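2 protein chains.
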Amino acid sequence: MKKTSSRLADGRELIYFDSTDVSHQGEDDRLLSRPQLTSELRYDPLLETWVIYASHRQDRTFLPDATHCPLCPSRPGHLTEVPDDRYEVVVFENRFPALMTGLADQVMQRDALSHGHSGDLLTERGAAGRCEVVCFTADHDAFFADLSPARVDLVIDVLVDRTVELARIPGVEQVFCFENSGSEIGVTQSHPHGQIYAYPFITPRTERMLYAANSYYRRTRRNLFEDVLAAERSDGSRIVLATEQWTCFVPHAARWPFEVHCYPNRRVPDLAGLDLDQRAELPEVLLDLYGRYSRLFDRPAPYIAGWHQAPIREGRRHFALHLELFTLQRAEHKLKYLAGSESGMDSFANDVLPEVAAQRLRGVPREGVA
Amino acid sequence: MKKTSSRLADGRELIYFDSTDVSHQGEDDRLLSRPQLTSELRYDPLLETWVIYASHRQDRTFLPDATHCPLCPSRPGHLTEVPDDRYEVVVFENRFPALMTGLADQVMQRDALSHGHSGDLLTERGAAGRCEVVCFTADHDAFFADLSPARVDLVIDVLVDRTVELARIPGVEQVFCFENSGSEIGVTQSHPHGQIYAYPFITPRTERMLYAANSYYRRTRRNLFEDVLAAERSDGSRIVLATEQWTCFVPHAARWPFEVHCYPNRRVPDLAGLDLDQRAELPEVLLDLYGRYSRLFDRPAPYIAGWHQAPIREGRRHFALHLELFTLQRAEHKLKYLAGSESGMDSFANDVLPEVAAQRLRGVPREGVA
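The listed protein sequences derive, respectively, from chains P and D. Letter by letter, the first sequence follows residues 212 to 581 in the working numbering. Letter by letter, the second sequence follows residues 212 to 581 in the working numbering.
This is how it looks when you write it as structure tokens:
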């Protein structure tokens with residue numbers, strides 16, 4: 212893998228990742244001023260979580276067509292976020308980031324001392340961190356499921372690189388690599404791409420999983436993720452695909468209509484921890500899995516896919532790297548909405564039994580076999 | 212308030228609530244068989260929460276027009292869920308409930324003993340509980356914001372009644388009264404109505420708030436909700452409206468673009484705990500608040516409104532009744548979507564600063580003053 216770093220016109224970093232020894236030409240010739248960025252974090256004392264505020268994101272571009280796509284390679288008359296006229300995989304800092312470097316990470320308590328209480332109820336700090344965009348291919352109309360195994364392998368190399376590099380930014384506590392696909396979930400760019408959030412805190416989801424894993428360890432001296440995987444493999448009714456190194460299953464208590472968790476059979480804390488055997492099988496496993504979501508309904512299902520990794524400093528001992536991939540689509544032309552019970556109480560009701568979802572996903576024909 | 216209970220053709224309970232001494236005629240003459248109901252709960256060991264499964268809900272009716280609305284009063288040739296040809300407020304058991312009475316609440320562990328681990332990773336039990344529909348008015352085209360103060364007062368009476376009655380069902384731990392409004396959030400019936408879920412567990416959201424309130428009490432000997440309210444009132448920049456008995460504000464760390472929390476100034480655990488002074492002001496407070504969401508954009512904003520109440524047995528000492536009302540709409544014709552960070556990591560990024568949201572909501576003209 213060859214890595215070529217450069218700067219965009221407004222100072223953001225852009226990095227080409229190539230499988231061969233190519234050189235990248237092309238300065239960013241756009242007149243581009245950095246928008247006024249004002250991200251901050253606020254602490255919710257009732258839920259004990261940080262919320263990110265990024266009001267500059269209100270004005271971000273929404274679903275441009277292919278001729279105006281900022282993620283395509285530049286060509287004469289159409290300068291994009293990628294100055295060169297070709298690329299394999301390219302990463303750049305998000306122009307409208309939720310989190311950003313160079314912010315003071317100083318905590319400010321707006322209600323300190325004045326009300327007789329503990330003075331930490333209105334807490335704010337800079338939203339330090341970094342948000343990156345990962346373009347999987349220069350082909351505007353491709354889906355992740357259409358990539359070649361070699362390209363998927365390169366994408367994973369890139370995610371490993373970013374996980375390691377972003378962990379070095381002072382204040383970053385967790386790196387999350389994810390992909391949103393489909394306008395039904397609010398995707399603003401249809402060009403095939405993922406995103407990386409380098410958070411300055413441990414996310415609520417990860418915090419809860421670590422809490423559960425730690426309690427389980429104290430109770431049993433065993434690893435929770437390993438035992439869940441063993442129970443799913445032993446039960447078998449929710450397995451979607453299994454190889455020597457990987458297992459993909461619909462969890463017994465899945466929250467989304469078609470939700471698959473994908474674990475390496477030998478536990479590792481994060482993408483950088485995968486060994487050569489695990490890495491060798493991963494592209495085919497992912498292409499098989501994503502392909503099933505492409506062909507589950509009459510057109511590719513909208514989905515969210517996220518790599519859950521151990522935080523950088525805490526919880527590395529008990530966490531297990533895994534991918535969670537789910538669609539909001541519950542049937543042909545029907546979406547699952549998060550209404551009162553889900554959005555108000557975080558209590559999920561799911562219309563599709565996990566065994567039924569697994570059976571449906573197992574039964575999706577391989578491409579060309581329909 | 213007069214309460215008249217009867218049964219629908221398939222055995223479900225229906226209750227009329229009237230402000231005057233009327234009697235209700237009309238048997239349910241429909242040929243209605245109860246659909247096969249198969250709700251169950253499964254425990255997610257990684258998030259330590261219950262997930263509800265109700266596969267019969269896949270086939271529920273979706274946005275019928277006014278001539279086929281099942282929540283309108285019955286009329287010759289169009290028999291609905293409400294047999295009488297008029298009503299003020301009516302409550303009935305949901306035909307497609309996520310939770311239901313009469314289920315064995317027995318816990319079953321599908322992975323017990325066989326894998327050497329603790330045997331509680333694949334846990335299931337019946338989804339005991341009850342789901343009710345509350346029709347606010349017979350007028351198909353009204354919004355909650357259009358109701359008269361007297362009608363809102365009757366609706367609150369009904370919610371108090373249901374909170375008390377549903378708490379008596381064995382196994383029910385928490386009663387949640389909420390309203391989804393707008394097709395953008397998946398509302399399947401546009402007739403103005405709310406819903407009530409009587410859960411057989413404490414919801415994840417409430418559990419986290421109780422955890423925070425308990426820790427805060429141990430640390431400070433003070434009540435978290437009271438101190439948050441005091442801090443918001445003292446700061447003032449996020450207050451939307453305040454009366455002698457009630458305060459409505461955008462929380463300092465709001466997760467949604469336009470989110471308001473509404474608390475009685477004197478803390479009570481649930482709706483049944485409100486005193487006469489608090490009750491007297493509440494209809495006007497709610498109508499004022501909901502009216503602002505009706506007129507914030509060029510058409511009524513889609514919203515979710517939920518009354519957060521103390522659970523029935525646990526946590527009553529530290530909890531504070533409050534309404535949370537929020538819209539997913541972040542600007543004219545723009546929705547907030549829950550994508551990777553929110554749905555994958557429960558980490559919210561919000562484009563609208565709470566002070567800006569509060570200012571916008573404060574500035575919404577009263578009806579007819581535009």
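Note that beta-carbon positions come from the ideal geometry of N, C-alpha and C, so glycine has one too. As the structure is a computational prediction, the values presented were derived from the model and not from experiment.
Around the Cβ of L421/P, a 10 Å sphere holds 16 or more other Cβ atoms; the residue is buried. Nearest CB-CB separation between L332/P and chain D: below the 8 Å threshold. Sequence-ordered contacts of the segment 504–521 of chain D with chain P read I515, A516, G517, H519 [C-beta pairs closer than 9 Å]. For D481/D, no CB of chain P lies under 8 Å from its own CB, so it is not counted at the interface with that chain. The DSSP-derived three-state label of D557/P is coil. Inter-residue distance for R416/P and T374/P is about 18 Å (C-alpha atoms, whole angstroms). If you compare the alpha carbons of R429/D, A423/D, H463/D with that of A441/D, the shortest gap goes to H463/D.
At a cut-off of 8 Å between C-beta atoms, V345/P does not count as an interface residue with respect to chain D. Nearest neighbour of T215/P by Cα position, chosen from P256/P, V262/P, F303/P, E495/P, turns out to be F303/P. At least 8 Å separates the beta-carbon of R541/D from that of D557/D. With a cutoff of 8 Å on beta-carbon distance, R253/P and E335/P are scored as near each other.
Under the Cβ distance rule, I263/D counts among the residues neighbouring chain P, one pair being separated by less than 8 Å.
For the 8 Å CB-CB criterion, V293/P and V300/P do not form a contact.
With a cutoff of 8 Å on beta-carbon distance, A569/D and V451/D are scored as near each other. In terms of beta-carbon proximity, G337/D stays away from the interface with chain P, with every pair separated by 8 Å or more.
Relative to E238/D, the option among R223/D, F228/D, T399/D, S250/D whose CA is nearest is R223/D. With contact defined as three or more Cβ pairs closer than 8 Å, the segment 387–403 of chain P and the segment 218–237 of chain D are not in contact. Among the bridge pairs identified by DSSP, D255/P is matched with T260/P.
C-alpha of W467/D to C-alpha of T538/D: approximately 7 Å in a straight line. A direct Cα-Cα distance of roughly 18 Å separates S394/D from C283/D. In the three-state DSSP reduction, D239/D falls in the coil class, being neither helix nor strand.
Chain-ordered listing is empty here: chain D has no CB closer than 8 Å to the CB of E566/P, the nearest sitting near 10 Å.
CA-to-CA, the gap between R478/P and D438/P works out to about 11 Å. In the DSSP assignment, M311/D forms a beta bridge with A339/D. Non-local C-beta neighbours of A560/P in its own chain, meaning closer than 7 Å and more than five positions away in sequence, comprise S552, ordered along the chain. Contact between R341/D and L310/D holds, since their C-beta atoms are separated by about 6 Å, short of 8 Å. Cβ atoms of E251/D and G382/D stay farther apart than 8 Å, at about 14 Å. Using beta-carbon distances, G447/P does not count as an interface residue toward chain D, since no partner is under 8 Å. The beta carbon of S230/D lies closer than 7 Å to those of M212, E299, A361, L365 in the same chain, with the five residues before and after it left out. If you draw a straight line from the Cα of Q247/P to the Cα of S266/P, it is about 9 Å long.
In this structure, R524/D keeps its C-beta atom at 8 Å or more from the C-beta atom of P480/D.
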